[in-house]
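In our numbering, the protein residues as written are 894 to 1267. Where is the CB? At the ideal position from N, CA and C, for every residue including glycine. Note sheet for the following structure.
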Amino acid sequence: MGAATLHQLARRGVKVAGIDRYSPPHDLGSSHGATRITRQAVGEGTAYVPLALRSHELWRELEAERGVKLFEQCGVLIMTASATTTSHHGRPDFTRATLELAQRYGIPHEAWDGPGIRRRFPQFQVEDDALGYFEPGGGYLYPEACIQAQLNGARERGAQVFTGTTIEQVVQDGQGVLLRSAQDTWRAERVIAAAGMWSAELLGAPFTDLLRVCRQTLHWFELAEPARFPADSPCFILAHGSGDSDLFYGFPPLPGEHSVKVATEQYFNNTTPIKIDRSLHPDESSRLFSNQVERWVGGLSPRAVRSAVCAYTVTPDFGFIVDEHPTLPGVTVVSACSGHGFKHSAALGEALAQRVVEGRSAIDLSAFALKRFD
Ligand SMILES: Cc1cc2nc3c(=O)[nH]c(=O)nc-3n(C[C@H](O)[C@H](O)[C@H](O)COP(=O)(O)OP(=O)(O)OC[C@H]3O[C@@H](n4cnc5c(N)ncnc54)[C@H](O)[C@@H]3O)c2cc1C
894 MGAATLHQLA RRGVKVAGID RYSPPHDLGS SHGATRITRQ AVGEGTAYVP
944 LALRSHELWR ELEAERGVKL FEQCGVLIMT ASATTTSHHG RPDFTRATLE
994 LAQRYGIPHE AWDGPGIRRR FPQFQVEDDA LGYFEPGGGY LYPEACIQAQ
1044 LNGARERGAQ VFTGTTIEQV VQDGQGVLLR SAQDTWRAER VIAAAGMWSA
1094 ELLGAPFTDL LRVCRQTLHW FELAEPARFP ADSPCFILAH GSGDSDLFYG
1144 FPPLPGEHSV KVATEQYFNN TTPIKIDRSL HPDESSRLFS NQVERWVGGL
1194 SPRAVRSAVC AYTVTPDFGF IVDEHPTLPG VTVVSACSGH GFKHSAALGE
1244 ALAQRVVEGR SAIDLSAFAL KRFD
């Protein structure tokens, strides 16, 4: 979120600085792990669709500007794997909600039953009464490359970037916002705070009550039968039960790799940026494989060749917060976006820059206002 905003502000000629406690792209926040799914009919709700559509345009623009590959348009397949109740990011029946949004926005897609899914993509062992939504315009992003490209573009346009610099205090002194690190102080007319899982610790109330950090893990399972994942394999989200964790998602094998990245989501155990357990336990990948993957996806071996820890920062309704800080005038807060923000970050950065420069954004961000939690 920070890199996208910095890039868009620098493009508009704003005198801007990006400040980060580490050196992005890094693997200590919420934007690492090689890939992020992007889709156009965003089942999380109507407010997200314009952001996703605009982001797709911006990723392509950024690719052309920087001469790098950022977006693989391999398609996305969203499945309810049997006739069951499901929930994803707090939305019941996510597959049907996605389908309805695609119809409303005229987003190209196909809808299949179980035999239809198995015929087109035999790696998915869904039941006959499954529902599948296939969106050829979706795919995945390379998050680290996206961040690097945005930072490079911002630097070239004059943005300053301070890395290894932790902001410890944000205060408003009537003449602007003061940002203090252990060594330095900056005065800014406006601040956009995109501190990811550190947002509550940096910004205080009401974020301390609204945001919770949930540790997540990613696992790359070796391909046992590579032929079951042909070159046109899509990203997928597969829901098979009523809980938000009765779901996993994955990616096609990356070019030159012989594994498939798969992850589920957990919202039961909260943590903090300091306490988060960054080590991986061997049974975490075997549990994901035996409890979920093995039943529904064929062609994978239980051997995880790689695993990683990441974190979601989640609001009570699994939505975004993009709003002014209620007690710090001049500070706009962008939450870490509840585990589904990366695909929208390019357009959110643009919208935030438009707000700074033009006073309003072309895309309506009112659905992400704090007042819904009053
Ligand atoms: C496992 C996993 C899978 C996901 N899958 C998807 C997906 O498929 N599709 C999708 O769209 N989204 C997905 N998401 C969500 C998406 O990745 C996040 O919403 C998004 O990347 C968050 O970006 P951010 O900029 O808010 O946070 P971060 O990238 O964590 O950035 C916050 C930055 O703030 C810096 N910072 C924090 N505090 C301070 C301070 N005090 N001073 C200075 N700097 C500070 C940090 O160093 C960090 O660089 C996933 C997330 C995870 C964890």
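According to DSSP, is residue i helix, strand or coil?
| i | result |
| --- | --- |
| ARG1073 | strand |
| HIS919 | coil |
| GLN1109 | strand |
| GLN1062 | strand |
| ARG984 | strand |
| ASP1216 | strand |
| ILE1010 | helix |
| ARG904 | helix |
| VAL1019 | coil |
| SER1080 | Checking the sequence, you will find Arg at residue 1080 rather than Ser. Strand. |
| VAL1190 | strand |
| CYS967 | coil |
| LYS1168 | coil |
| LEU1263 | helix |
| TYR998 | helix |
Can residue i and residue j be called in contact, C-beta distance under 9 Å?
| i | j | result |
| --- | --- | --- |
| LEU1096 | ALA1081 | no |
| SER948 | LYS1236 | yes |
| GLU937 | HIS982 | yes |
| CYS1128 | PRO1146 | no |
| ILE1214 | PHE1161 | no |
| GLU1177 | SER1152 | no |
| SER1259 | LEU1245 | no |
| ASP1137 | ALA940 | no |
| SER1126 | CYS967 | yes |
| ILE1010 | LEU970 | yes |
| THR1035 | THR1206 | In the sequence as presented, Thr is not what sits at residue 1035; that position holds Tyr. No, Cβ-Cβ distance for TYR1035 and THR1206 is not below 9 Å. |
| LEU1173 | VAL1198 | no |
| ASP1216 | LEU1181 | no |
| PHE987 | PRO1099 | no |
If contacts are defined as beta-carbon pairs under 8 Å, then residue i and residue j qualify, I think. What distance do you get, rounded to the angstrom?
| i | j | result |
| --- | --- | --- |
| ASP913 | GLY895 | 7 Å |
| PHE964 | GLY1030 | Actually they are not in contact, since the Cβ atoms of PHE964 and GLY1030 sit about 10 Å apart, beyond 8 Å. |
| VAL1063 | LEU1221 | 6 Å |
| HIS1218 | VAL1226 | 5 Å |
| THR979 | ASP1077 | No, THR979 and ASP1077 are not in contact; Cβ-Cβ is about 49 Å, not under 8 Å. |
| MET1090 | VAL1070 | Rounded, the Cβ-Cβ distance is 22 Å, inconsistent with contact. |
Check for me: the beta strand (DSSP E) holding residue i runs from which residue to which?
| i | result |
| --- | --- |
| CYS1039 | Segment 1036–1049 is the alpha helix (DSSP H) holding CYS1039; no beta strand (DSSP E) there. |
| VAL935 | No beta strand (DSSP E) holds VAL935; DSSP gives it neither H nor E. |
| ARG1196 | 1193–1207 |
| GLN1053 | 1053–1055 |
| ALA910 | 910–912 |
| ALA1132 | 1128–1132 |
| LEU1258 | LEU1258 -> no beta strand (DSSP E), and no H or E assigned at all. |
| LEU1024 | 1024–1028 |
Could you tell me the boundaries of the alpha helix (DSSP H) in which residue i lies?
| i | result |
| --- | --- |
| ALA957 | 942–959 |
| SER1092 | 1092–1096 |
| GLU1150 | Note, GLU1150: premise wrong, no alpha helix (DSSP H); not H, not E. |
| PHE1100 | 1100–1103 |
| GLY1242 | 1238–1251 |
| GLU1118 | Looking at the DSSP string, GLU1118 is not in any alpha helix (DSSP H), and its letter there is neither H nor E. |
| GLU1177 | 1175–1181 |
Just to confirm, does residue i get its C-beta within under 8 Å of one of the non-hydrogen atoms of ligand 2?
| i | result |
| --- | --- |
| GLN1109 | Of the ligands one can find in the structure shown, namely ligand 1, none is ligand 2. |
Is the segment 1128–1136 touching the segment 1210–1218 in the sense that three or more CB pairs, one from each, lie closer than 8 Å? The answer is no - the segment 1128–1136 does not touch the segment 1210–1218, with fewer than three Cβ pairs under 8 Å.
Across the segment 982–992 and the segment 1044–1063, are there enough close Cβ pairs to call them in contact, namely three or more that are closer than 8 Å? Touching, no, given that fewer than three Cβ pairs across the two stretches are closer than 8 Å.
Inter-stretch contact at 8 Å, needing at least 3 Cβ pairs: the segment 1021–1036 / the segment 963–974: With a cut-off of 8 Å, the segment 963–974 and the segment 1021–1036 count as touching, because enough Cβ pairs lie within range.
Is the number of C-beta pairs between the segment 1180–1192 and the segment 1011–1021 that are closer than 8 Å three or more? Because the criterion of three Cβ pairs below 8 Å is met, the segment 1180–1192 and the segment 1011–1021 touch.
The segment 1037–1046 / the segment 896–904 touching (three or more Cβ pairs under 8 Å): Put simply, the segment 1037–1046 touches the segment 896–904. At least three CB pairs are less than 8 Å apart.
Decide if the segment 942–958 is in contact with the segment 1104–1113; the criterion is three or more beta carbon pairs, one per stretch, under 8 Å apart. They do not touch, by the three-pair rule.
For the pair the segment 1194–1207 and the segment 1241–1257, tell me if three or more CB-CB distances fall below 8 Å. Taking 8 Å as the limit for Cβ pairs, the verdict is that the segment 1241–1257 does not touch the segment 1194–1207.
Count Cβ pairs between the segment 1150–1170 and the segment 998–1010 that sit closer than 8 Å; are there 3 or more? Segments in contact, no.
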